[in-house]
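Only one structure is covered here, and it is reproduced in the block below.
Numbering (the numbering used here), first residue to last: 215 to 406.
So this is what it looks like as structure tokens:
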């Protein structure tokens with residue numbers, strides 16, 4: 215058989231385009247895999263992190279987890295989402311100072327996320343108006359999908375079943391994980 219040229223996507227893939235979407239997609243999967251239940255937010259949307267605010271916060275408590283995840287029982291994960299690099303700086307300073315209360319942070323370089331990125335057409339009017347409309351369109355697309363969680367994607371399921379075998383296993387760790395290596399900036403590389 216041939217690959218689907220455009221691929222198959224879930225609603226979770228759609229929301230990657232808005233600030234908070236990557237975090238929400240990850241939480242949908244992590245919560246369900248560790249508890250066996252859907253994320254306990256209306257419509258699967260982690261409402262405190264949906265929107266165009268500069269920095270958004272939420273928390274998710276893991277209760278009645280599966281036996282293999284008992285170390286998570288009662289843990290409340292604190293999460294933050296930064297929209298734009300100016301706001302990312304605020305969270306980074308907290309990390310540097312040792313005052314950050316967060317377990318999981320998402321940073322989107324473009325205010326509002328990719329819906330407001332450099333490749334998007336500029337429209338007349340206030341940027342907030344078109345960012346809000348684009349965000350709503352992304353969430354509407356997510357809600358229209360039959361499958362809304364990353365781990366429900368048949369292509370991902372097939373990849374793990376037939377090749378990677380298990381999340382965080384030896385094969386997936388070897389092929390999908392990386393480490394940071396300082397490479398210098400572009401000008402330093404050219405000068406050599």
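Positions of the beta carbon are idealized from the N, C-alpha and C atoms, including for glycine.
Computed from a predicted structure; not experimentally measured.
Considering only C-alpha positions, which residue in the set the options is nearest to residue i?
i: residue 236; options: 321, 266, 377 and 299; result: 321
i: residue 292; options: 283, 226 and 317; result: 317
i: residue 223; options: 388, 367, 396 and 391; result: 367
i: residue 391; options: 397, 227, 306 and 381; result: 381
i: residue 234; options: 373, 259, 361 and 359; result: 259
i: residue 364; options: 388, 376, 245 and 311; result: 245
i: residue 226; options: 358, 310 and 389; result: 358
i: residue 257; options: 375, 360 and 315; result: 360
i: residue 388; options: 396, 395, 377 and 398; result: 377
i: residue 229; options: 395, 350 and 399; result: 350
Please go through the same chain and pick out, in chain order, the residues whose beta-carbon is closer than 6 Å to the beta-carbon of residue i, but skip the five residues on each side of it.
i: residue 231; result: 327, 328, 329 and 352
i: residue 290; result: 273 and 275
i: residue 299; result: 323
i: residue 336; result: none
i: residue 331; result: 324
i: residue 383; result: none
Taking a contact to mean a Cβ-Cβ separation below 9 Å, would you say residue i touches residue j in this structure?
i: residue 276; j: residue 248; result: yes
i: residue 297; j: residue 319; result: no
i: residue 294; j: residue 305; result: yes
i: residue 354; j: residue 362; result: no
i: residue 238; j: residue 264; result: yes
i: residue 325; j: residue 266; result: yes
i: residue 347; j: residue 334; result: no
i: residue 369; j: residue 250; result: no
Excluding the five sequence neighbours on either side, which residues of its own chain have a C-beta within less than 7 Å of the C-beta of residue i, listed in chain order?
i: residue 301; result: 268 and 269
i: residue 283; result: 248
i: residue 262; result: 270, 271 and 272
i: residue 393; result: none
i: residue 308; result: 314
i: residue 241; result: 253, 260 and 274
i: residue 344; result: 337
Tell me which residues share the same chain as residue i and place their Cβ nearer than 8 Å to its Cβ, disregarding the 5 neighbours each side in the sequence.
i: residue 379; result: 385 and 386
Would you mind reading off the limits of the beta strand (DSSP E) that contains residue i?
i: residue 380; result: Taken as a continuous stretch (DSSP letters only), residue 380 belongs to no beta strand (DSSP E), as it is neither H nor E.
i: residue 320; result: 318-322
What are the start and end residues of the alpha helix (DSSP H) that includes residue i?
i: residue 223; result: Counting along the chain, residue 223 falls outside any alpha helix (DSSP H), and DSSP gives it neither H nor E.
i: residue 258; result: Where residue 258 is concerned, there is no enclosing alpha helix (DSSP H), given that its DSSP letter is neither H nor E.
i: residue 239; result: 235-249
i: residue 371; result: 368-373
Spell out whether any CB of chain D is found under 9 Å from the CB atom of residue i.
i: residue 217; result: Any reference to chain D falls outside this structure, which holds one protein chain only.
- Starting from the N-terminal side, write out each stretch of the beta strand (DSSP E) that is 3 residues or longer and does not extend beyond the segment 260-310. 269-275 and 290-297
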